Amino acid sequence: MRSPDTKQSVFETLLVCVLTLVLAACGQESSGPETASRTTKTPRLVQPAILLVTLDTTRADRLGIETDLVDTPHLEALANRGMYFEQAYSVTPTTLPSHTSMLTGLYPADHRVRENGRVIDKQLKLLPVQLKGRGYDTAAFVSGFPLASQFGLSRGFG
Numbered sequence: 470m471r472s473p474d475t476k477q478s479v480f481e482t483l484l485v486c487v488l489t490l491v492l493a494a495c496g497q498e499s500s501g502p503e504t505a506s507r508t509t510k511t512p513r514l515v516q517p518a519i520l521l522v523t524l525d526t527t528r529a530d531r532l533g534i535e536t537d538l539v540d541t542p543h544l545e546a547l548a549n550r551g552m553y554f555e556q557a558y559s560v561t562p563t564t565l566p567s568h569t570s571m572l573t574g575l576y577p578a579d580h581r582v583r584e585n586g587r588v589i590d591k592q593l594k595l596l597p598v599q600l601k602g603r604g605y606d607t608a609a610f611v612s613g614f615p616l617a618s619q620f621g622l623s624r625g626f627g
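The opening position of the sequence shown corresponds to residue 470 in my numbering, with each subsequent residue numbered one higher.
Here's what the structure looks like:
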């Protein structure tokens, strides 16, 4: 059984340390039947919704998804309805380089962001920019300084 102090401590840690990046994508459906034309049109596919949630300085075994140490019903619901990676690894234990890798698909040696507080190269192709170009709506909700917009990782959001 969890002690109230442990639950409160974990909860406070999550509140303070949580860094949430959300790529909220709304699939676009066709507005109605398409008019006949000389060529047959391929039916428009509904794009999958993408939601990326990251928690900074949080071990998976300290969330309700993995343990009974704390209740995290909303994260559990997301994991149950979507795709939950049980063996996800970070390329680096530092926030900005790790998130730069997630949003570029590159290793730190390739994107050259090796520590927090660095401005990312404007030439890097970021996932949110790519998604916007394919019709997605994007948004980011960030609470951690290492991912502040001044470092450049906010391109393509909003």
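Backbone N, C-alpha and C define an ideal beta-carbon position, used for all residues, glycine too.
For clarity, every value in this text was computed on a predicted model and none was experimentally measured.
Q. Taking DSSP as the reference, what is the three-state secondary structure of MET571?
A. On the sequence shown, residue 571 is found 102 positions in, with the first residue counted as 1. DSSP places MET571 in helix when its eight states are reduced to three.
Q) Below 8 Å between beta carbons: does that hold for ARG528 and LEU538? A) Sequence index remark: in the sequence shown, residue 528 carries index 59 (1-based). Sequence index remark: in the sequence shown, residue 538 carries index 69 (1-based). Against a cut-off of 8 Å, the Cβ pair of LEU538 and ARG528 comes out as no contact.
Q) How do the region 602 to 622 and the region 559 to 575 stand: do at least 3 beta-carbon pairs fall below 8 Å, yes or no? A) yes
Q: For the region 550 to 566 and the region 585 to 593, state whether three or more C-beta atom pairs, one from each stretch, are separated by less than 8 Å.
A: yes
Q | Whole-Å CB distance - ILE534 paired with ALA557, under 8 Å assumed | A | Within the sequence shown, numbered from 1, the residue matching residue 534 stands at position 65. Within the sequence shown, numbered from 1, the residue matching residue 557 stands at position 88. So it is not a contact: roughly 12 Å between Cβ atoms.
Q.
Taking 8 Å as the threshold (C-beta atoms), are LYS594 and THR607 in contact?
A. What you label residue 607 is simply residue 138 of the sequence shown in a count that begins at 1. What you label residue 594 is simply residue 125 of the sequence shown in a count that begins at 1. Not a contact, by the Cβ cut-off of 8 Å.
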